[in-house]
């Protein structure tokens, strides 16, 4: 975090009454800790750092695409050295953040303190080992965007400029973390992409190869969504939940499959909203601004006019 310069144009010190503010903030913290069972917290900060995880992801992306997203002075003859050096530093930094998440999760659950080092190493090792596969999938995504957009002049333009590609790069990294036991870090990665692109993909969503989000702003894809291969969607599409069941105490139940399944070779046009655990059959086209809460058969062509004739 950037440090503020300590200066003022005023010729005299201003009394901001900070003693009162500090006192009241301490009371607010203590009240929150009491409400959430955190009264035994001690020591330093126990949560992962957004700043560090963002730096880790940027370093990993540079190592996955070194000559296009790596440093500007990189040369071909030193690619492997750069990739190895960068990944070593990034994975070690990631390990510290995974450990923080595992320790914090155990503390939040009231578990006895234990050493999570081996589990954290396993998570980070699996993440690193998966990077070549992620690169392969991203190459297919980039080619799908290039072939699917007549305005695209090159695959390099797609990689460097398209927010949909930025979002799917972050998602594939976040999904790996989510799948191997670091869901908080995964969510931090996905929210960094959301802030940068306006595309909100939960890291739990399962997305096949050749995925293309055109334009992208306002796209929302929920946690339990399953998307097949060669799917193309446009801006402001929502793959969301229809309802949120609650338990006897009124708390929302977690973990239920509540988002759509989109099969292979589906196109979903701008503004379409698909809600609930419904299935969009393969090779279907969902028209713009359609509101859909039922499954459709393969090879369907759903538009607002067709829904008016056969309401969902």
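In our numbering, the protein residues as written are 1 to 312. Just so it is clear, CB atoms sit at the ideal spot from N, CA and C, and this is done for glycine as well. Here the structure is a predicted model, which means the values were calculated and not measured.
Here residue 54 carries a helix assignment [DSSP, helix/strand/coil]. A direct Cα-to-Cα measurement between residue 259 and residue 220 gives close to 11 Å.
Distance from the CA atom of residue 64 to the CA atom of residue 135, rounded to whole angstroms, is 6 Å.
Leaving aside the five residues that flank residue 257 on each side, the residues in its chain whose CB is nearer than 6 Å to its CB run, in chain order, 224, 277.
In this structure, the alpha-carbon of residue 60 lies about 7 Å from that of residue 86. In the three-state reduction of the DSSP assignment, residue 168 falls in the helix class, which pools H, G and I. By the beta-carbon neighbour count (other beta carbons within 10 angstroms, threshold 16), residue 162 is buried. The three-state reading of DSSP puts residue 289 in coil, since its state is none of H, G, I, E or B.
In the three-state reduction of the DSSP assignment, residue 279 falls in the strand class, which pools E and B. A Cβ-Cβ separation of about 5 Å places residue 197 in contact with residue 166 under the 8 Å criterion. In the three-state reduction of the DSSP assignment, residue 284 falls in the coil class.
Residue pairing of residue 301 in beta bridges, as defined by DSSP: 285. A buried status is given to residue 213, since no fewer than 16 other beta-carbon atoms sit within 10 Å of its beta-carbon. Put simply, of 108, 179, 293, 265 the residue whose alpha carbon is nearest the alpha carbon of residue 36 is 108.
In the structure shown, the three-state DSSP call for residue 127 is helix. In the three-state reduction of the DSSP assignment, residue 62 falls in the helix class, which pools H, G and I. Every beta strand (DSSP E) of 3 residues or more that sits fully in the region 180-242 is shown, in chain order, as 238-240. Between the alpha carbons of residue 100 and residue 299 lies a distance of about 48 Å. Per the DSSP secondary-structure output, residue 273 pairs in a beta bridge with 238, 291. By a beta-carbon distance limit of 8 Å, residue 178 does not contact residue 57. Their separation comes to about 14 Å.
Closest option to residue 267, judged by alpha-carbon separation, among 96, 244, 288: 288. As the crow flies, the alpha-carbon of residue 38 is around 43 Å from that of residue 291. The three-state reading of DSSP puts residue 91 in helix, counting H, G and I together.
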